[in-house]
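Please read the structure below before turning to the comments.
Number of protein chains: 2
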Amino acid sequence: MTKAEKTRQFIIEKTAPLFNRKGYAGTSLSDITEATGLTKGSIYGNFAGKDEVALAAFDHNFGLVGSIVKKRMAERPKAADKLKVYLDIYSEFMKLPALNGGCPVLNTSVEADDTHDALKQKASNAIDAWYKAIQSVIKEGREKKEIRQKFDEKEFAGAFIALIEGGVMLAKVTGKTGGLKAAMKQAEKMIDEIAK
Amino acid sequence: MTKAEKTRQFIIEKTAPLFNRKGYAGTSLSDITEATGLTKGSIYGNFAGKDEVALAAFDHNFGLVGSIVKKRMAERPKAADKLKVYLDIYSEFMKLPALNGGCPVLNTSVEADDTHDALKQKASNAIDAWYKAIQSVIKEGREKKEIRQKFDEKEFAGAFIALIEGGVMLAKVTGKTGGLKAAMKQAEKMIDEIAK
DNA sequence: TGTATAGTATACCGATTGGTATAATTTTGC
DNA sequence: GCAAAATTATACCAATCGGTATACTATACA
Numbered sequence: 001m002t003k004a005e006k007t008r009q010f011i012i013e014k015t016a017p018l019f020n021r022k023g024y025a026g027t028s029l030s031d032i033t034e035a036t037g038l039t040k041g042s043i044y045g046n047f048a049g050k051d052e053v054a055l056a057a058f059d060h061n062f063g064l065v066g067s068i069v070k071k072r073m074a075e076r077p078k079a080a081d082k083l084k085v086y087l088d089i090y091s092e093f094m095k096l097p098a099l100n101g102g103c104p105v106l107n108t109s110v111e112a113d114d115t116h117d118a119l120k121q122k123a124s125n126a127i128d129a130w131y132k133a134i135q136s137v138i139k140e141g142r143e144k145k146e147i148r149q150k151f152d153e154k155e156f157a158g159a160f161i162a163l164i165e166g167g168v169m170l171a172k173v174t175g176k177t178g179g180l181k182a183a184m185k186q187a188e189k190m191i192d193e194i195a196k
Numbered sequence: 197m198t199k200a201e202k203t204r205q206f207i208i209e210k211t212a213p214l215f216n217r218k219g220y221a222g223t224s225l226s227d228i229t230e231a232t233g234l235t236k237g238s239i240y241g242n243f244a245g246k247d248e249v250a251l252a253a254f255d256h257n258f259g260l261v262g263s264i265v266k267k268r269m270a271e272r273p274k275a276a277d278k279l280k281v282y283l284d285i286y287s288e289f290m291k292l293p294a295l296n297g298g299c300p301v302l303n304t305s306v307e308a309d310d311t312h313d314a315l316k317q318k319a320s321n322a323i324d325a326w327y328k329a330i331q332s333v334i335k336e337g338r339e340k341k342e343i344r345q346k347f348d349e350k351e352f353a354g355a356f357i358a359l360i361e362g363g364v365m366l367a368k369v370t371g372k373t374g375g376l377k378a379a380m381k382q383a384e385k386m387i388d389e390i391a392k
């Protein structure tokens, strides 16, 4: 790992929470230099511009959540319990550093959908990956006869993700956990319904 | 209605879609002058600053959606059908001018929660109002014996709103309606479950 | 209709925006 | 330990940011 690669990683790690909290338009280059302690020259020596930093920061944020999910899923053998990992994580998302400014998928989607194609694409891909992760758990669960055969798994994933992201939004903006908990409870009900 | 009041209204109407699409940080004063055809002097003669325009724009956007909901609800006598008004509207939210850039509640919540207290408060209040509107329909439905007694109406509202907003986010960022439809179907199921 | 006032436009302000050219400094391979 | 290359800092750029002072113009009321 060369020096520049380390610096690049350092910049990403320091700015990722920033982008997640303040958004792409709300994060300035001086925010970036301030957070890293580096100068513009150094930033631009490692990235083509603000865009590239933001894109890398999103990947970092999404990757963090993904690795936590993966790790916790591995600890649970049953498909239904694997799906409930999402509920455990997002029920207390404020406690997770990676989700401090809210869910990066939600934040990026909402900001970028009408303003920033590259970021929008990243967010869209992230959702695709999320869909696939859920469907994969369902498929495995079906093979083990833990999950019912007779329901549309794509439909399940869509409503499931919507509940989680909607719940996160409610918690962040109201400052209360009522809405999030209600959404999580509903999502849990959905899981219990597809589990035999 | 004085001239200035007309101009003020004109500015709000022209910039409200802008703020909903590009967000607070993403909308500049030149965006505002461009959209209205007016000059900065005129904007600042009617508003104290960008903040005040944004706040008024949010009220306008939220009010538009609210009035559509109210109108359509009035056409339906049954409580369950009143609740389904939200599903009808958000299922095809792209067709509604007021929801062109997505749901203003969602957009504003996600952007402002960590960056703009006044806007955050407005979004939070909007959600409060939404909660109350749902609870009011439920209460009325219960009095008419159309809605079951034995469930937590706040919990219902929280999950219901989360589903809708999550679904809108999915539709906007993926460009496909699958996720939104799945969320709406789940929300409809929720309504059917509380209706006798 | 004249005049006070309300409303709008012009021209400017300092600060900050994202970005770059170049100089100074580290790393790196030999 | 030295030279070449890679990396970081400095100093600057034009453009734009939100905002203001002031001059002009339209409106409203006597």
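Line by line, the protein sequences give chains A and B.
Numbered per this note's numbering, the first sequence spans residues 1 to 196.
Numbered per this note's numbering, the second sequence spans residues 197 to 392.
We put the CB at the ideal spot given by N, CA and C, even for glycine.
CB of residue i within 9 Å of CB of residue j, strictly
i              : j              : result
residue 58(A)  : residue 168(A) : no
residue 96(A)  : residue 134(A) : no
residue 122(A) : residue 113(A) : no
residue 322(B) : residue 162(A) : no
residue 362(B) : residue 140(A) : no
residue 25(A)  : residue 314(B) : no
Closest by C-alpha distance to residue i, when choosing among the options
i              : options                           : result
residue 38(A)  : 21(A), 63(A) and 12(A)            : 12(A)
residue 60(A)  : 105(A), 154(A), 30(A) and 117(A)  : 105(A)
residue 326(B) : 352(B), 337(B), 222(B) and 313(B) : 352(B)
residue 219(B) : 324(B), 349(B) and 312(B)         : 312(B)
residue 154(A) : 377(B), 362(B) and 212(B)         : 377(B)
residue 99(A)  : 4(A), 67(A) and 136(A)            : 67(A)
residue 338(B) : 285(B), 227(B), 261(B) and 275(B) : 275(B)
residue 138(A) : 118(A), 179(A) and 194(A)         : 194(A)
residue 366(B) : 170(A), 179(A) and 124(A)         : 124(A)
residue 374(B) : 150(A), 128(A), 4(A) and 178(A)   : 128(A)
Residue i versus residue j - alpha carbon distance
i              : j              : result
residue 355(B) : residue 2(A)   : 48 Å
residue 63(A)  : residue 231(B) : 39 Å
residue 188(A) : residue 281(B) : 26 Å
residue 192(A) : residue 185(A) : 11 Å
residue 299(B) : residue 216(B) : 8 Å
residue 16(A)  : residue 47(A)  : 14 Å
residue 205(B) : residue 196(A) : 57 Å
residue 75(A)  : residue 190(A) : 22 Å
residue 214(B) : residue 6(A)   : 40 Å
residue 245(B) : residue 65(A)  : 39 Å
residue 14(A)  : residue 31(A)  : 10 Å
residue 328(B) : residue 101(A) : 27 Å
residue 136(A) : residue 283(B) : 29 Å
residue 223(B) : residue 29(A)  : 18 Å
residue 346(B) : residue 77(A)  : 35 Å
residue 277(B) : residue 285(B) : 12 Å
residue 33(A)  : residue 4(A)   : 16 Å
residue 91(A)  : residue 152(A) : 25 Å
Contact test: residue i Cβ vs the ligand MN heavy atom, cutoff 8 Å
i            : result
residue 2(A) : Absence of the ligand MN from the depicted structure is noted, as is the absence of any ligand whatsoever, leaving it without description.
*Please determine if the region 143-152 of chain A and the region 249-263 of chain B are in contact, where contact requires at least 3 C-beta pairs separated by less than 8 Å.*
no
*Chain-ordered residues of the region 335-359 of chain B with a beta carbon less than 7 Å from chain A*: The residues in question are 350, 351, 354, 355, 357, 358 and 359.
*Pairing CB atoms from the region 290-310 of chain B with CB atoms from the region 167-182 of chain A, are three or more of them under 8 Å?*
yes
*Would you say the region 67-74 of chain A touches the region 42-51 of chain A, given that touching needs at least three Cβ pairs under 8 Å?*
A contact between stretches requires three or more CB pairs, one per stretch, nearer than 8 Å, and the region 67-74 of chain A fails this requirement with the region 42-51 of chain A.
*What residues in the region 267-287 of chain B bring their beta carbon closer than 8 Å to a beta carbon of chain A?*
none
*Compile a chain-ordered list of the residues in the region 211-238 of chain B whose CB is closer than 8 Å to at least one CB of chain A.*
217, 218, 219, 221 and 222
*Mind listing which residues of the region 361-382 of chain B have their C-beta closer than 8 Å to chain A's C-betas, in chain order?*
361, 362, 363, 365, 366, 368, 369, 370, 371, 374, 375, 376, 377, 378, 379, 381 and 382
*Pull out every residue of the region 297-327 of chain B whose Cβ sits closer than 7 Å to any Cβ of chain A, in chain order.*
When CB distances to chain A are screened at a threshold of 7 Å, the residues of the region 297-327 of chain B falling below it are 297, 298, 302, 303, 305, 306, 307, 309, 310, 311, 316, 319, 320 and 323, in chain order.
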